[in-house]
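Participant: Before we start, here is the structure in question, set down as structure tokens.
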Amino acid sequence: MDYTKAPPLVEGNPSLSKIDESIAKPMEKFPSKKYFMALSVTLTMLLIGAVALGYTFYYGIGMWGNNIPVGWAFDITNFVFWIGIGHAGTLISAVLFLFRQRWRTAIARFAEAMTIFAVMCAGLFPLIHLGRPWYAAFVFPLPTQHGVWINWNSPLIWDVFAVSTYFTVSLMFWYIGLIPDLATMRDRTTNKFKKMIYSVLSLGWRFSNKHWQHYEKVYVILAGLATPLVLSVHSIVSLDFAVSILPGWHTTIFPPYFVAGAIFSGFGMVMTALIIVRKVFNLEYIITADHLDKMAKVTLVVSMMVAYAYVLEPFIAWYSGDPVDWFLVLMRATGHYAFGFWVMVSCNVFIPQLLWFRKIRRNIGVLFVISLLINVGMWLERYIIIVTSLYRDFLPSSWHIYVPTLTDFGILIGSFGLFFTLVLLFARTLPVISMSEIKGVTEGAHPSHHPGAEHE
Amino acid sequence: MTACQEACPANAITFGNANDPTSEVAKMREAPLGYYALEQLDIKPNVTYLAKLRNI
């Protein structure tokens, strides 16, 4: 392994037209059988979700396993899970951009798209878990005849603002980044209908110098706007739990713990999706093993942060001397949901330790399995946090076990179906890699007098 | 005054404005016999129970 030169960000020194061609191929070629098979699977999952949702809307939340005291279960677990998935996209897109990590170029567009789809999936859950979802618009401070504002003291309302801001900024950032590529597609495509759509969406981009200057400025500003959202959005979401008084929820570690967990679960999902995409669309020379290696390293870092929180919470519960808190921590590890708890700890703490080893990080198959396990572990984490604190709260007279129903699982499956359907549609209509940015990081893109100074 | 408060022969329940210090409800909340469920959490629920005196 030659450590004197950084590995090329695009392997094989392709020509600019080859880059355009291979990235545009999924959009121009009629989709393969594999694509239709994948789409039929995801659409089936989406259909299952739609049916489950139909039952929920018609018969009410009683179709779920929610009870008193476990008023939140799969609904909020899924909400936090999907919002968390979105954070990796923004980190890769905005934060790594500001840190000038040029390796992010191959994965940024796809990761940002995943953020948008994940936030769309997440946003469904607060709407559907209302007993009267047709009143969903009232989460916003609309002027109404009854003259009562929304409850500004409630973190659920802070969520509304945090998540809608996050969605809006992510969408803008993603769209602005797409404009040069939409223009490329406009210029390449021969289909009249597609040409019209790409023309409208590319806003008259002419690749002129002035355009690029404006583009770069706006991109940096939007990256700067999106970066604090990575930290703030999941902190607000964690406050849904942290500002309550329930044992196991009422802890100040939640905001940083949740943010680290979100980045962790997000990277797990990004790795899962990217390993599939690079294989299916023959983009291995752009989304290289090196990119996956670096992502695995970031995953390892955040897994250590999550592991720290797993150690700290029980310690503080014990150290505080509060019998209720300590009892709850014990219940997590030994109560009815102990199996889920220990699967969660294995998937989030022990399994990612494999990523210390370069051999593992470079082995795509193993990396894929690890990323799947991370997704499982992080979903379980939210489930365990929510359900264990609710099913064993202060008074033993309130205790009641929670059992999920088929409708719960149906909606969970449906959310994955929605997410992956959107990803597949995205792959067919928009370039999954930023054509213009990738050209900027190929070898020879920034010629200089100093050898080896082309990229850091 | 609610219907159940008016109807009750034992004066078992009292409604009122807890923020008004002169109301009966506020006085009962302050009284030594008044307690809340999960009082140690200091969340001051709306319902104040009065402890039963058994030695008079």
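Those sequence lines, one after another, are chains A and B. Using our numbering, you'd call the opening residue of the first sequence number 1 and step up by one each time. Using our numbering, you'd call the opening residue of the second sequence number 1001 and step up by one each time. The C-beta atom is built at its ideal place from N, Cα and C for all residues, glycine as well.
Kindly indicate which three-state DSSP category B/A1034 falls into: helix, strand or coil?
Facilitator: The sequence shown places Gly at residue 1034 of chain B, not Ala. In the structure shown, B/G1034 sits in a strand (DSSP, three-state: E or B).
Participant: When DSSP builds the beta bridges, which residues end up paired with B/Y1049?
Facilitator: For B/Y1049, which the question treats as bridged, DSSP gives the partners B/Y1035.
Participant: Specify the secondary structure class of A/S164 as computed by DSSP and reduced to three states.
Facilitator: Helix at A/S164.
Participant: Leaving out five residues before and five after B/D1042 in sequence, what residues of the same chain have Cβ atoms less than 8 Å from its Cβ?
Facilitator: Closer than 8 Å at the Cβ level, and outside the excluded window around B/D1042, lies no residue.
Participant: Report the three-state DSSP secondary structure of A/H146 (helix, strand or coil).
Facilitator: Coil, per DSSP.
Participant: Hey, quick one: how far does the alpha helix (DSSP H) through A/R206 stretch, first residue to last?
Facilitator: Here A/R206 belongs to no alpha helix (DSSP H), and DSSP marks it neither H nor E.
Participant: Between which two residues does the alpha helix (DSSP H) carrying A/F409 extend?
Facilitator: Taken as a continuous stretch (DSSP letters only), the alpha helix (DSSP H) holding A/F409 covers L406 to T429.
Participant: Is A/F341 helix, strand or coil by DSSP?
Facilitator: Here A/F341 sits in helix by DSSP.
Participant: Kindly indicate which three-state DSSP category A/H457 falls into: helix, strand or coil?
Facilitator: In the structure as shown, chain A starts at 1 and stops at 456, and residue 457 of chain A therefore has no counterpart that could be examined.
Participant: For the alpha helix (DSSP H) containing A/R392, list its first residue and its last residue.
Facilitator: Taken as a continuous stretch (DSSP letters only), A/R392 belongs to no alpha helix (DSSP H), as it is neither H nor E.
Participant: Helix, strand or coil: how does DSSP classify B/M1001 here?
Facilitator: If DSSP states are grouped into helix, strand and coil, B/M1001 belongs with coil.
Participant: Taking 9 Å as the CB-CB cut-off, is B/K1044 touching chain E?
Facilitator: Checking the listed chains, one finds no chain E in this structure; the protein chains it contains are A and B.
Participant: Once you ignore the five residues that flank A/E456 on each side, which residues in its own chain have a CB closer than 6 Å to its CB?
Facilitator: Low confidence applies here, because A/E456 scores a pLDDT of 46, under 50, leaving its location unreliable; read the following figure in that light. Once the five neighbours on either side are set aside, A/E456 has no close Cβ partner at all.
Participant: Would A/I76 pass as a contact of A/I386 if the rule is Cβ separation under 9 Å?
Facilitator: Result yes, Cβ atoms of A/I76 and A/I386 sit closer than 9 Å.
Participant: In angstroms with no decimal places, state the Cα-to-Cα distance between A/F416 and A/M45.
Facilitator: Looking at the two C-alpha atoms, the distance is approximately 7 Å.
Participant: Give me the residue from A/P155, A/N151, A/W149 and A/W212 with the minimum Cα distance to A/I179.
Facilitator: The candidate whose alpha carbon is nearest that of A/I179 is A/W212.
Participant: Would you tell me roughly how many angstroms separate the C-alpha atoms of A/I263 and A/T299, rounded to the nearest one?
Facilitator: Their Cα atoms are separated by approximately 8 Å.
Participant: What does the Cβ neighbour count give for B/E1030, buried or exposed, with the cut at 16 atoms within 10 Å?
Facilitator: Its Cβ having fewer than 16 others within 10 Å, B/E1030 is exposed.
Participant: Counting C-beta neighbours from all protein chains within 10 Å, is the total for A/N375 16 or more, i.e. buried, or is it exposed?
Facilitator: It is buried - the Cβ of A/N375 has at least 16 other Cβ atoms within 10 Å.
Participant: Give the list of continuous alpha helix (DSSP H) stretches no shorter than 4 residues that lie fully inside the region 2–76 of chain A.
Facilitator: 16–28 and 33–59, all fully within the region 2–76 of chain A.
Participant: Give the single residue among A/S164, A/I276, A/M185 and A/T288 whose Cα lies nearest to the Cα of A/H234.
Facilitator: It is A/S164 whose Cα lies nearest to the Cα of A/H234.
Participant: Would A/G98 pass as a contact of A/A223 if the rule is Cβ separation under 9 Å?
Facilitator: Here the sequence assigns Leu to residue 98 of chain A, which means Gly is not the residue at that position. Yes; because the gap between Cβ atoms is below 9 Å, this pair is in contact.
Participant: Going by the CB atoms, is the gap between A/I433 and A/I23 shorter than 9 Å?
Facilitator: Result yes, Cβ atoms of A/I23 and A/I433 sit closer than 9 Å.
Participant: Would you check if the region 242–255 of chain A and the region 265–280 of chain A touch, i.e. whether three or more CB-CB distances between them fall below 8 Å?
Facilitator: Contact fails: fewer than three Cβ-Cβ distances are below 8 Å.
Participant: Which runs of the beta strand (DSSP E) spanning at least 3 residues fall entirely within the region 275–344 of chain A, listed in chain order?
Facilitator: The region 275–344 of chain A contains no whole beta strand (DSSP E) run of 3 or more residues.
Participant: Between the Cα of A/C347 and those of A/L312, A/L367, A/L239 and A/V423, spot the shortest distance and give me the residue it belongs to.
Facilitator: Checked all of A/L312, A/L367, A/L239 and A/V423; the closest Cα to A/C347 is A/L367.
Participant: Let me make sure I understand the geometry here. Which of A/A309, A/R278 and A/E437 has the alpha-carbon closest to that of A/R100?
Facilitator: Selected option, being the one with the closest Cα: A/E437.
Participant: I'd like to know if the region 279–294 of chain A and the region 390–407 of chain A are in contact, where contact means that at least 3 CB-CB pairs between them fall below 8 Å.
Facilitator: Judged by Cβ distances under 8 Å, the region 279–294 of chain A makes no contact with the region 390–407 of chain A, as fewer than three pairs qualify.
Participant: Nearest-angstrom Cα distance between A/T184 and A/A317?
Facilitator: Whole-angstrom Cα-Cα distance: 57 Å.
Participant: Counting beta carbon pairs with one atom in the region 9–29 of chain A and one in the region 99–115 of chain A, are three or more of them shorter than 8 Å?
Facilitator: Counting Cβ pairs under 8 Å, three or more are found: they touch.
Participant: Is the beta carbon of A/F117 sitting closer than 9 Å to the one on A/L430?
Facilitator: Contact flag unset, no.
Participant: Pull up the CB-CB distance for A/L182 and A/S202, whole angstroms please, since I reckon it's below 8 Å.
Facilitator: The Cβ separation is near 4 Å, so the contact holds.
Participant: Can you tell me whether DSSP reads A/F357 as helix, strand or coil?
Facilitator: Coil, per DSSP.
Participant: Do A/Y135 and A/G177 have their C-beta atoms closer together than 9 Å?
Facilitator: No. Outside cutoff.
Participant: Secondary structure at A/F140, three-state DSSP: helix, strand or coil?
Facilitator: It is coil, neither helix nor strand.
Participant: If we ignore side chains and look at the alpha-carbon of each, how far apart do A/H214 and A/W205 end up?
Facilitator: Between A/H214 and A/W205, the C-alpha separation is close to 11 Å.
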